[in-house]
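A.B. asks:
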Amino acid sequence: MDGVKDFVVSDTEINTQATARRGRPRAFDREQALAKAQALFHAKGYDALSVADLTQALGINPPSFYAAFGSKLELYDEALRRYEKTEGLDVDTALAPGTPLSDGVAKLLRYAADAYASGGACGCMVIEAARGSADAAAGEKARERMEASQSYIHQKISSLDAGNADLASDYVMMSLAGLSASARNGMPTARLRVMAAIAAEGLSGYLENAA
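And the structure:
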């Protein structure tokens, strides 16, 4: 009997073995989903994406979507902030203490030329989103992030040249917007770098003549 008992498999054991063969459902990875949403918003913009588009791309149902992110607008805001953290320009290095203003601006614009033409979607996600949206709330979220970026750049420039901080920060933001639009329109990195260098030289020449 002992030998027979060794080969008896209970219903519980059968169910456990079947579950193991099928595998457990994969747990929802919120950060991975946020990264996918960021890429989609960057490539297509807020207006072009519906909640249905997002749930399909993220592999979750609408109740899970709302539970995880609150709303499409809240997800968008979070995606914009994630973009700043993961793909934003290295302002701290470009405008490090002790750097001549003209050199710092040249470096920052070069960073932009390299960044805006690379990756799955061209251009700066924040700048392009701030240009306008059919959804007023979404446009406001993007403008808030762009204004925060300009404020930070102004702060860094002020530490290098307080007297020209307003002028230089406005010039940098204008140049970044131009580089972003050009990248979005298909300008390759090599040409963007040339445009960035010309823009930096223009500011440098202006400051020298105004001194």
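Numbering (this note's numbering), first residue to last: 1237 to 1447. Note that CB positions come from ideal geometry on N, CA and C, so glycine has one too. The structure presented is a predicted model; accordingly, all values stated were derived computationally and were not measured.
Distance, Cα to Cα, K1343 vs Y1407?
C.D. replies: Residue 1343 sits at position 107 when you count from the first residue of the sequence shown. Residue 1407 sits at position 171 when you count from the first residue of the sequence shown. Near 14 Å, if we compare the C-alpha coordinates of Y1407 and K1343.
A.B. asks: Have a look at G1399 and G1306 and give me their C-alpha separation to the nearest angstrom.
C.D. replies: If you number the sequence shown from 1, residue 1399 lands on position 163. If you number the sequence shown from 1, residue 1306 lands on position 70. Near 44 Å, if we compare the C-alpha coordinates of G1306 and G1399.
A.B. asks: Less than 8 Å between the CB atoms is what I'm expecting for S1416 and I1363, so what's the real figure, rounded?
C.D. replies: Within the sequence shown, numbered from 1, the residue matching residue 1416 stands at position 180. Within the sequence shown, numbered from 1, the residue matching residue 1363 stands at position 127. The pair is a contact, with the Cβ atoms about 4 Å apart (cut-off 8 Å).
A.B. asks: What did DSSP end up calling N1297 once you bin it into helix, strand or coil?
C.D. replies: Start at 1 with the first residue of the sequence shown, and residue 1297 comes out as number 61. In the structure shown, N1297 sits in coil (DSSP, three-state: anything other than H, G, I, E or B).
A.B. asks: Taking the alpha helix (DSSP H) that G1438 belongs to, which residues open and close that run?
C.D. replies: Numbered from 1 along the sequence shown, position 202 holds the residue referred to as residue 1438. That run of the alpha helix (DSSP H) goes 1425-1446.
A.B. asks: Could you pull out every unbroken alpha helix (DSSP H) segment of at least 4 residues lying fully inside the segment 1259-1283, listed in chain order?
C.D. replies: 1266-1280, all fully within the segment 1259-1283.
A.B. asks: So is A1273 buried or exposed if we call it buried at 16+ other beta carbons inside 10 Å?
C.D. replies: Against the sequence shown, residue 1273 aligns to sequence position 37. A1273 is buried by the Cβ-count criterion.
A.B. asks: Quick check on the DSSP output: the alpha helix (DSSP H) that includes E1332 runs from which residue to which?
C.D. replies: Counting from one through the sequence shown, the residue named residue 1332 turns up at place 96. For the sequence presented, residue 1332 should be read as Ala rather than Glu. Run containing A1332: none; DSSP gives neither H nor E here.
A.B. asks: Indicate the three-state DSSP secondary structure (helix, strand or coil) for A1365 in the structure shown.
C.D. replies: On the sequence shown, position 129 is the one that residue 1365 refers to. Here A1365 sits in helix by DSSP.
A.B. asks: What do you get for M1361, buried or exposed, if any count of 16 or more other CB atoms within 10 angstroms of its CB means buried?
C.D. replies: Taking the sequence shown and counting its residues from 1, the one referred to as residue 1361 is at position 125. Buried is the call here.
A.B. asks: Spatial neighbours of L1331 within its chain, please: C-beta separation below 7 Å, excluding the five flanking residues on both sides.
C.D. replies: As a working note, residue 1331 is residue 95 in the sequence shown. So the qualifying residues of the chain are G1340, L1344, K1392, I1393, L1396.
A.B. asks: When you compare the CB positions of F1277 and Y1312, do they come within less than 9 Å of one another, or not?
C.D. replies: As a working mapping, residue 1277 is identified with position 41 in the sequence shown. As a working mapping, residue 1312 is identified with position 76 in the sequence shown. Yes; because the gap between Cβ atoms is below 9 Å, this pair is in contact.
A.B. asks: Could you pull out every residue in the same chain whose Cβ sits closer than 8 Å to the Cβ of A1374, ignoring the five residues on either side in sequence?
C.D. replies: Residue mapping note: residue 1374 aligns to position 138 of the sequence shown, counting from 1. Here the set comprises Y1282, D1283, L1309, Y1312, A1365.
A.B. asks: Sorry if obvious, but does the Cβ on L1337 come closer than 8 Å to a heavy atom of the ligand SAH?
C.D. replies: Absent from the structure shown: the ligand SAH. Ligands present: none.
A.B. asks: So, A1304 versus A1269, is the Cβ gap smaller than 9 Å?
C.D. replies: What you label residue 1304 is simply residue 68 of the sequence shown in a count that begins at 1. What you label residue 1269 is simply residue 33 of the sequence shown in a count that begins at 1. Contact flag set, yes.
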